[in-house]
Amino acid sequence: MHPFYEHSGRLVADRDTRALGLVSMAAYLLFWAAAIPVALRALRRAQASVGPDGNRDPALEIVRARYARGEIDERELRERTQVLRPQSVDGVRRR
Numbered sequence: 015m016h017p018f019y020e021h022s023g024r025l026v027a028d029r030d031t032r033a034l035g036l037v038s039m040a041a042y043l044l045f046w047a048a049a050i051p052v053a054l055r056a057l058r059r060a061q062a063s064v065g066p067d068g069n070r071d072p073a074l075e076i077v078r079a080r081y082a083r084g085e086i087d088e089r090e091l092r093e094r095t096q097v098l099r100p101q102s103v104d105g106v107r108r109r
């Protein structure tokens, strides 16, 4: 068990260690406050190139590779990506 989660007379008695419990909890909170958004962003990016059936869309992969090689510019990438993304029956994009 973490030493700051239960009473410990030695830690509380020393002036230098009184705030360590709060510092430790703040560090845990900051870690998770940073780790969760990073993980969510990575998950969203991974899902962005996956089609509705769960497979990667090879056409989108080709367009992205051409952009990475410099064969097409950003405007052309956006245009082609919009055309290649799946559309629902009513014309609204699915995510």
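Just so we're aligned: 109 in our numbering is position 95 of the sequence shown, and the numbers increase by one with no gaps anywhere. Glycine included, C-beta positions come from ideal geometry on N, C-alpha and C. No experiment lies behind these values; they were computed from the predicted model shown.
CA-CA distance, residue 85 to residue 95, rounds to 15 Å.
Around the C-beta of residue 77, 16 or more other C-beta atoms lie within 10 Å, and the residue is accordingly described as buried. Rounded to whole angstroms, the Cβ separation of residue 98 and residue 73 is 5 Å, and the two are in contact under 8 Å. Taking C-alpha positions only, residue 51 is separated from residue 44 by approximately 12 Å.
Secondary structure within the segment 47 to 94: the alpha helix (DSSP H) runs of 4 or more consecutive residues, fully enclosed, are 72 to 83 (chain order). The same chain holds no residue with a CB closer than 7 Å to that of residue 87 once the five nearest residues on each side in sequence are set aside.
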